[in-house]
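Under the numbering used here, think of the first position of the sequence shown as 118, with each following residue one higher. Every residue, glycine too, gets a C-beta built ideally from N, C-alpha and C. None of these values were measured; they are calculated from a predicted model. For reference, the structure discussed in these notes is given below.
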Amino acid sequence: IPPGVYNIEAKAYEKDSAGVITNQGSAKNILKVNQVLKEIGLALSASSITPEKEFKYTITVYDQAKGKVESDVTITLTQPEGVEFKKEILRTGKSNSLEIKSNYSPGYWKIKAKLNDLETEESFLVEEYQKLAYSLSDNTLAIKNIGNVEFNGPVEVGIGEAKKIIELDKLQVGGEEKFELKAP
Numbered sequence: 118i119p120p121g122v123y124n125i126e127a128k129a130y131e132k133d134s135a136g137v138i139t140n141q142g143s144a145k146n147i148l149k150v151n152q153v154l155k156e157i158g159l160a161l162s163a164s165s166i167t168p169e170k171e172f173k174y175t176i177t178v179y180d181q182a183k184g185k186v187e188s189d190v191t192i193t194l195t196q197p198e199g200v201e202f203k204k205e206i207l208r209t210g211k212s213n214s215l216e217i218k219s220n221y222s223p224g225y226w227k228i229k230a231k232l233n234d235l236e237t238e239e240s241f242l243v244e245e246y247q248k249l250a251y252s253l254s255d256n257t258l259a260i261k262n263i264g265n266v267e268f269n270g271p272v273e274v275g276i277g278e279a280k281k282i283i284e285l286d287k288l289q290v291g292g293e294e295k296f297e298l299k300a301p
């Protein structure tokens, strides 16, 4: 039964063999039904997400009658390596978002919601993402890996009509290589 205050009325009567009421009585009272938290849920915008996109999630708590409950809930985000990324208190029923940055670890992240003894956990995949950033200063080209996986592969550099292929080998996440540029 949903939480709330209810009016209760009871009537009792007695009939004789002819069906005529010979005795009756009634009583009224108020019954208060307390809200009992029964279930917590997490709705995710996607089960897999590419970095540089927004990941959305909503926390919902239900009572004994499957009614939605407004409450503060503790959420914990955990990276694939098992390291806690973020822990905060959020309100139920509101859409929350997390911008997945380009260098966030690829793999299955976990989001756990907890309220008193109710707890739920969901996983979502942060996909592998290769991205390089380039900067030029004093005839030096700096190439930095701003993705979330090691970069192996070619990069084409051009000055005017002249082009050169540079092979990058095992450029770590956050790693940078510099090349001095000379015009032909």
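From residue i to residue j, what distance separates their C-alpha atoms?
i: residue 252; j: residue 271; result: 17 Å
i: residue 173; j: residue 212; result: 7 Å
i: residue 171; j: residue 120; result: 37 Å
i: residue 243; j: residue 283; result: 29 Å
i: residue 195; j: residue 188; result: 22 Å
i: residue 175; j: residue 224; result: 21 Å
i: residue 255; j: residue 297; result: 9 Å
i: residue 158; j: residue 230; result: 8 Å
i: residue 228; j: residue 286; result: 34 Å
i: residue 239; j: residue 183; result: 20 Å
i: residue 259; j: residue 215; result: 30 Å
i: residue 145; j: residue 118; result: 19 Å
i: residue 151; j: residue 206; result: 24 Å
i: residue 199; j: residue 276; result: 45 Å
i: residue 136; j: residue 232; result: 57 Å
Compute the beta-carbon to beta-carbon distance between residue i and residue j, rounded to the nearest angstrom, for a pair I have assumed lies under 8 Å.
i: residue 235; j: residue 156; result: 7 Å
i: residue 257; j: residue 299; result: Actually they are not in contact, since the Cβ atoms of residue 257 and residue 299 sit about 11 Å apart, beyond 8 Å.
The beta strand (DSSP E) that contains residue i, what's its start and end?
i: residue 221; result: Element bounds for residue 221: n/a, residue is neither H nor E.
i: residue 298; result: From DSSP, residue 298 is part of no beta strand (DSSP E); its letter is neither H nor E.
i: residue 118; result: Residue 118 -> no beta strand (DSSP E), and no H or E assigned at all.
i: residue 282; result: 279-288
i: residue 197; result: Segment: none, residue 197 is in no beta strand (DSSP E) and carries neither H nor E.
i: residue 188; result: Residue 188 -> no beta strand (DSSP E), and no H or E assigned at all.
i: residue 141; result: 138-150
i: residue 269; result: 268-276
i: residue 243; result: 235-243
i: residue 158; result: 154-161
Taking 8 Å as the limit between beta carbons, can you name the residues of its chain near residue i, skipping five residues before and five after?
i: residue 280; result: 273, 274
i: residue 217; result: 166, 167, 168, 169, 170, 171, 172, 243
i: residue 185; result: 177, 178, 179, 209, 210
i: residue 143; result: 126, 127, 128, 129
Leaving out the 5 sequence neighbours to the left and right, which residues in its chain are closer than 7 Å to residue i when beta-carbon positions are compared?
i: residue 262; result: 249, 268, 288, 289, 290, 291, 292
i: residue 139; result: 131, 132, 133
i: residue 201; result: 193, 195
i: residue 219; result: 168, 169, 246, 248, 263, 264, 265
i: residue 122; result: 147, 149
i: residue 203; result: 194
CB-CB under 6 Å to residue i, same chain, minus the five flanking residues each way: which ones, in chain order?
i: residue 197; result: 222, 224, 225
i: residue 141; result: 130
Checking contacts by CB at 9 Å: is residue i closer than that to chain D?
i: residue 221; result: Structure shown: chain D not included; a single protein chain is present.
Original post:
Are three or more beta carbon pairs between the region 154-173 and the region 124-135 nearer than 8 Å?
Top reply: no
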